[in-house]
Structures are given as C-alpha cells and as structure tokens.
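Trainee: Residue 149 in the numbering used here sits at position 63 of the sequence shown; the count goes up by one each step and never skips.
Note that CB positions come from ideal geometry on N, CA and C, so glycine has one too.
None of the values given here were measured: they were computed from a predicted structure.
Okay, handing you the structure first.
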Amino acid sequence: MRTQPDIITTIPLPTGSVTVDGHGYLTDPTLWTPEFAEHVARAENIILTAEHLFIIEYIRFSEIDKGVTPDARFVFKLLANKFNLSKSGSKAAFFELFPYGYVKQACKIAGMKQPRAWSTG
C-alpha cells in the first residue's frame, strides 16, 4: 500500500498529452495510444516487436472486456498456447520480452493503472 500521494506528471505525445503517476503508469487507461506504448518501451529499454504487441493487445482487450487487468498467469498460458511452450517455457519467453516483469513493464506499456495490490517489480 502506498503511504504518499502520487505525483502526477504530464507527458506530451504527438497524439496529445497524457498524465502518469509517480511510477509512470497512465492515470487514465482510456487515453492509451501506440505512441504512449513506444514512449514507455523506450524508457524501459525495450524495442517493441510483434510478440510484445501481441501481449499488450491481450492485456488491453482483457481489461476492456472484463474490467480488470488480467493476472500474469493468463498471459503465460496465452504464450504457451500460441507458441506451443511448456509452463516454464512460456515464463522464460515472457521474461525475454519483459525482463523486469509483468507489472513493471508489460502492464505499464499496455497503459494499465498501477495495480494497488501488486509490487512494481
């Protein structure tokens, strides 16, 4: 749980400005754009590929469809099914794409709010 209020920052993008919290997560996920994803990915030293975008689109669609950000285990299962990987193989593939983790990188790039109950790692 956070003990201090978030510091809100405005990020100017070609499609318009967005605000992020003190950890760099969008304050309003409906304002997500591919330009925001590129901006965050660059800051995380990630070059977005089709595999990254596949995961990001899944996270975004699941959140819109179900009203909640999907748990990492569903993303691992998605990768296992798509690429015919074992459970451990899908985790390894995920962490090759997002080395600092699901919440810290994948959810942030996908424009989700920072989950209150999860760490940022």
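Please tell me whether residue 158 and residue 188 are closer than 7 Å, where the distance is taken between their beta carbons.
Mentor: Reading the sequence shown from its first residue, position 72 is the one you call residue 158. Reading the sequence shown from its first residue, position 102 is the one you call residue 188. In contact: residue 158 and residue 188 (Cβ atoms closer than 7 Å).
Trainee: Could you spell out where the alpha helix (DSSP H) holding residue 126 opens and where it closes?
Mentor: The residue given as residue 126 occupies position 40 in the sequence shown. Here the alpha helix (DSSP H) through residue 126 covers 120-129.
Trainee: Quick check: residue 195 and residue 126, are their CB atoms within less than 7 Å of each other?
Mentor: Residue mapping note: residue 195 aligns to position 109 of the sequence shown, counting from 1. Residue mapping note: residue 126 aligns to position 40 of the sequence shown, counting from 1. Yes, they are a contact pair.
Trainee: Tell me, please, whether the region 173-186 touches the region 130-145 by the rule of three or more beta-carbon pairs shorter than 8 Å.
Mentor: Output reads yes: the region 130-145 touches the region 173-186.
Trainee: How would you label residue 184, buried or exposed, when you count the other beta carbons within 10 angstroms and need 16 or more for buried?
Mentor: In the sequence shown, counting from the first residue as 1, residue 184 sits at position 98. Buried.
Trainee: Using DSSP with H/G/I as helix, E/B as strand and the rest coil, what is residue 116?
Mentor: Taking the first residue of the sequence shown as position 1, residue 116 is located at position 30. In this structure, residue 116 counts as helix in the three-state DSSP scheme.
Trainee: Just to confirm the assignment, what range does the beta strand (DSSP E) spanning residue 97 have?
Mentor: One-based indexing of the sequence shown puts residue 97 at position 11. 95-97 is the span of the beta strand (DSSP E), which, as asked, contains residue 97.
Trainee: Name the DSSP bridge partner or partners of residue 105?
Mentor: Position 19 of the sequence shown, counting from 1, holds the residue named residue 105. DSSP lists 96 as partners of residue 105.
Trainee: Which residues mark the beginning and the end of the alpha helix (DSSP H) in which residue 174 is found?
Mentor: Mapped onto the sequence shown, residue 174 falls at position 88. Segment 173-183, the alpha helix (DSSP H) holding residue 174.
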